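>
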Amino acid sequence: MNTLHEEPALACAPAAPPALTPLRVLVVEDSEDDALLVIAELRRGAFEPRWMRVETAETMAAALAQQPWDVILADYEMPHFSGPAALKLVREARHDLPFIMVSGTIGEEVAVAMMRAGAHDYVMKTNLTRLSAAVARELRDAEERRLRSAAEVALRDSEARFQAFMDHSPAVAFIKDDAGRYVYVSSAFERFFQTTMAATRGKTDDDLWPAAVAQRIRENDEVVLSRNQAVELTETVPTTDGLVRDWVVLKFPITDAGGQRFIGGVAVDVTDRKLVEARVQALEKLAQQRARLADIGAITAQIVHDLGNPLAGLAMQAQLILHRAKRDPNQPLSSVTQAAERIVGEVFRLDSLIKEFMDFSREQRLELKPLQLSRFLREVVSFWRPVAAARRIDVALDVPRNLPQLLADEEKLRRVFENLVKNAVEAIEMGPGRIHIAVSQPAPQRIRISVADDGPGIPETVQVFRLFETTKRHGTGLGLAIAKQIVLAHGGDIAFERVKPHGTVFHVELQQQAPGG
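Going left to right, the sequence shown walks through residues 0 to 516 as numbering that gives the first Met the number 0 numbers them.
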């Protein structure tokens with residue numbers, strides 16, 4: 000009675016029949032003959048049944064536990080069982096199976112009552128031709144229910160994982176619709192702003208923040224929606240305790256399956272970090288000021304040394320003029336011309352030396368203006384090219400097209416690069432030689448200008464940026480120290496490398512925007 004029936008394979012078949020659909024059928028029926036009629040009808044409907052007949056609650060429960068089934072076909076009335084009892088057993092076992100009543104005794108009212116109780120269809124035994132179509136339809140519906148249920152489970156699992164992740168994330172996160180209404184806030188958002196998701200959902204930034212703050216946030220949201228891409232920015236938002244906090248926020252567009260647009264955001268509180276950075280900058284500035292005071296002390300000592308010789312020379316030349324004038328008041332003026340010229344030369348040298356000392360000792364204050372770098376470098380090269388050519392030195396400039404503008408103090412940067420080119424010319428002394436100036440972008444928002452020469456190079460023992468360090472016979476050792484001050488004031492950096500077998504390359508890196516810009 001509850002034996003599993005499988006279709007026997009034919010020993011010889013003249014031609015392969017159309018592919019049959021395997022079907023696991025549990026038949027709840029007390030009549031073997033009626034069950035065979037049902038199975039025969041399924042075969043005519045292109046099914047290949049693998050079936051079992053049961054007629055009691057016990058045998059049906061055992062069959063349900065034994066294996067999975069595709070469909071249940073049940074009679075309404077049996078001596079020891081019934082269709083309603085079979086349906087109840089299936090529902091209690093939580094099997095989502097197509098349940099079709101196949102009976103010859105039920106009326107329309109009973110059939111409707113069974114459908115309301117959970118049966119999927121009913122077929123009269125006197126009209127079994129409907130059976131295969133009803134089974135096929137219910138199988139499709141069951142598959143759709145299975146897929147929908149699996150999708151719902153996957154969605155719940157995904158939401159649970161997302162919620163668990165956000166509950167433990169220290170970052171403040173939120174999602175807003177394209178009208179600016181909050182649809183989700185994370186646990187960190189709730190903690191920081193002393194609110195709940197229920198209280199926040201449906202509200203806008205105008206409901207939560209001061210007007211100026213809300214307007215700024217709306218403007219940033221519009222940037223994300225208009226560009227349709229993620230944007231990282233800084234926003235200042237007060238917390239409920241009245242403290243103003245700085246946040247680095249990554250905002251990004253979201254479009255759901257229905258085409259509705261949202262804005263997602265993840266924010267990190269950087270207020271404490273910015274305070275630490277400000278303290279570090281203040282300490283660095285204090286250290287620089289102290290270092291400058293120490294350098295000024297060293298400069299004072301150097302002034303005594305460097306100005307001593309020119310002043311002694313001036314005194315000797317002046318005494319010589321006085322001596323000649325007293326000895327012979329009528330001698331020609333030309334006799335004292337050379338001494339006077341030497342005095343003037345020493346005065347100019349002293350003036351230049353004093354200017355360099357003053358430049359180093361005072362803090363670098365910048366007058367920042369947009370600077371077209373290609374034009375600026377061409378002017379520097381044009382000034383020094385004739386001087387270099389007189390020494391048989393070629394000066395080459397390699398500048399890519401479409402260089403971005405810099406925000407810089409042009410006069411001070413000109414001193415930096417003229418000093419570098421001048422040093423390169425003096426290092427080569429007499430050619431043939433070559434100076435190559437090249438511009439590149441080693442990183443976004445960074446510009447590198449390299450000044451290379453094929454001169455003798457810088458000795459390993461020389462620290463060129465140190466005060467009073469020089470390789471020239473008559474150098475002051477201030478030029479590159481001042482150049483470094485200027486570059487650092489622009490938020491950049493300057494370094495050099497020795498080139499084998501000989502030569503030097505100085506690299507000046509500048510930001511596209513000045514510090515604080």
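Built from N, CA and C at the ideal position, the CB exists for glycine as well.
Here the structure is a predicted model, which is why all the values come from computation and not from measurement.
Helix, strand or coil: which one does DSSP assign to His-4?
Here His-4 sits in strand by DSSP.
> Using beta-carbon positions only, say whether Phe-98 and Ala-73 come within less than 8 Å of one another.
Going by C-beta atoms, Phe-98 is nearer than 8 Å to Ala-73.
> I'd like to know whether the C-beta atoms of Gly-454 and Thr-503 end up nearer to each other than 8 Å.
Yes, the Cβ-Cβ distance between Gly-454 and Thr-503 is below 8 Å.
> Comparing C-alpha positions only, which one of Arg-23, Ala-18, Val-101 sits nearest to Leu-36?
Comparing Cα positions, the closest option is Val-101.
> I'd like to confirm the pairing. Which residues does DSSP put opposite Leu-232 in its beta bridges?
According to DSSP, Leu-232 bridges with Val-248.
> Run through the DSSP bridge pairs and tell me what Ala-494 is partnered with.
Ala-494 pairs with His-506.
> Please determine if the stretch 127 to 136 and the stretch 61 to 68 are in contact, where contact requires at least 3 C-beta pairs separated by less than 8 Å.
At 8 Å Cβ cutoff, the stretches do not touch.
> What are the boundary residues of the alpha helix (DSSP H) that includes Arg-391?
Careful: Arg-391 lies outside any alpha helix (DSSP H) and carries neither H nor E.
> In terms of alpha-carbon separation, which member of Ser-439, Asp-176, Ser-30 lies closest to Asp-204?
Of Ser-439, Asp-176, Ser-30, the residue nearest in Cα terms is Asp-176.
> Taking Val-426 and Asp-452 to be in contact with their CB atoms under 8 Å, please state how far apart those CB atoms are, rounded to whole angstroms.
In the sequence under discussion, the amino acid at residue 426 is Ala, which differs from the Val named in the question. About 6 Å separates the two Cβ atoms, so the contact holds.
> Give me the Cβ distance between Ala-118 and Leu-96, rounded to the nearest whole Å; I'm assuming they're in contact under 8 Å.
In fact, because the Cβ distance is near 11 Å, the residues do not count as touching under 8 Å.
> Could you tell me the distance, in whole angstroms, from the CA atom of Ala-18 to the CA atom of Arg-43?
Rounded to the nearest angstrom, the two C-alpha atoms are 12 Å apart.
> By the DSSP assignment, the alpha helix (DSSP H) with Ser-185 in it spans what residues?
Looking at the DSSP string, Ser-185 is not in any alpha helix (DSSP H), and its letter there is neither H nor E.
> When DSSP labels each residue in this structure, what does Pro-500 get in the three-state scheme?
Correct three-state label for Pro-500: coil.
> Tell me, which residues are paired with Phe-261 by DSSP?
Partner(s): Asp-176, Ile-253.
> Within the chosen definition, does the stretch 194 to 213 reach the stretch 248 to 264 through at least 3 CB pairs nearer than 8 Å?
No, because fewer than three Cβ pairs between the stretch 194 to 213 and the stretch 248 to 264 fall closer than 8 Å, the two stretches do not touch.
> Mind checking Asn-422: buried by the 16 CB within 10 Å criterion, or exposed?
When all chains shown are included, Asn-422 counts as buried.
> Along the chain, where does the alpha helix (DSSP H) containing Met-113 start, and where does it finish?
It spans 107 to 116 - the alpha helix (DSSP H) in which Met-113 sits, taken as one unbroken run.
> What would DSSP say about Phe-80, mapped onto helix, strand or coil?
Here Phe-80 sits in coil by DSSP.
> When you compare only the Cα positions, how much space is there between Ser-381 and Ser-439?
Using only the alpha carbons, I get a separation of about 20 Å.
> In three-state DSSP terms, what is Leu-9?
The predicted model places Leu-9 with a pLDDT of 46, which falls under 50 and marks its position as unreliable; any figure quoted below should be read in that light. Reduced to three states, the DSSP call for Leu-9 is coil.
> DSSP on Asp-206, reduced to helix/strand/coil?
Of the three classes helix, strand and coil, the one that applies to Asp-206 here is helix, per DSSP.
> Return yes when the Cβ of Val-70 is within less than 8 Å of the Cβ of Leu-3, no when it is not.
Not closer than 8 Å, so no.
> Name the residue from Asp-29, Glu-31, Arg-49 whose alpha carbon lies nearest to the alpha carbon of Thr-20.
It is Arg-49.
> Terminal residues of the continuous alpha helix (DSSP H) containing Asp-33?
From DSSP, the alpha helix (DSSP H) with Asp-33 extends over 31 to 43.
> What is the rounded straight-line gap between the Cα of Met-113 and the Cα of Pro-83?
If you take the alpha carbons of Met-113 and Pro-83, they lie about 7 Å apart.
> Just to confirm my understanding: we take Val-223, look at its own chain, exclude 5 residues before and 5 after, and list those with CB closer than 8 Å. What are they?
The residues are Ala-229, Val-230, Lys-250, Phe-251, Pro-252, Ile-262.
> Could you give the DSSP three-state label for Val-212: helix, strand or coil?
Of the three classes helix, strand and coil, the one that applies to Val-212 here is helix, per DSSP.
> Just tell me which of Ile-493, Tyr-121, Met-51 has its CA closest to the CA of Tyr-75.
With distances taken between Cα atoms, Tyr-75 lies closest to Tyr-121.
> Could you name the residues of the same chain whose beta carbon sits closer than 6 Å to that of Ala-482, not counting the 5 residues immediately before and after it, in chain order?
Excluding residues within five positions, the ones whose Cβ falls inside 6 Å are Val-415, Asn-418.
> Can you give the Cα-Cα distance for Ala-149 and Ile-446, rounded to whole angstroms?
Near 55 Å, if we compare the C-alpha coordinates of Ile-446 and Ala-149.
> Which one or two residues does DSSP pair with Trp-50 in a beta bridge?
Bridge partners of Trp-50: His-4, Val-24.
> Per DSSP, what kind of secondary structure is Arg-447 in: helix, strand or coil?
Three-state DSSP puts Arg-447 in a strand.
> Is the beta carbon of Val-267 sitting closer than 8 Å to the one on Val-247?
It is a contact, given that the beta carbons lie within the stated cut-off.
> Between Pro-369 and the rest of its own chain, which residues show a CB-CB distance below 8 Å, the 5 nearest in sequence each way excluded?
Closer than 8 Å at the Cβ level, and outside the excluded window around Pro-369, lie Gln-404, Leu-405, Leu-406.
> How big is the Cα-Cα spacing for Val-386 and Thr-270?
The alpha-carbon atoms of Val-386 and Thr-270 are separated by roughly 54 Å.
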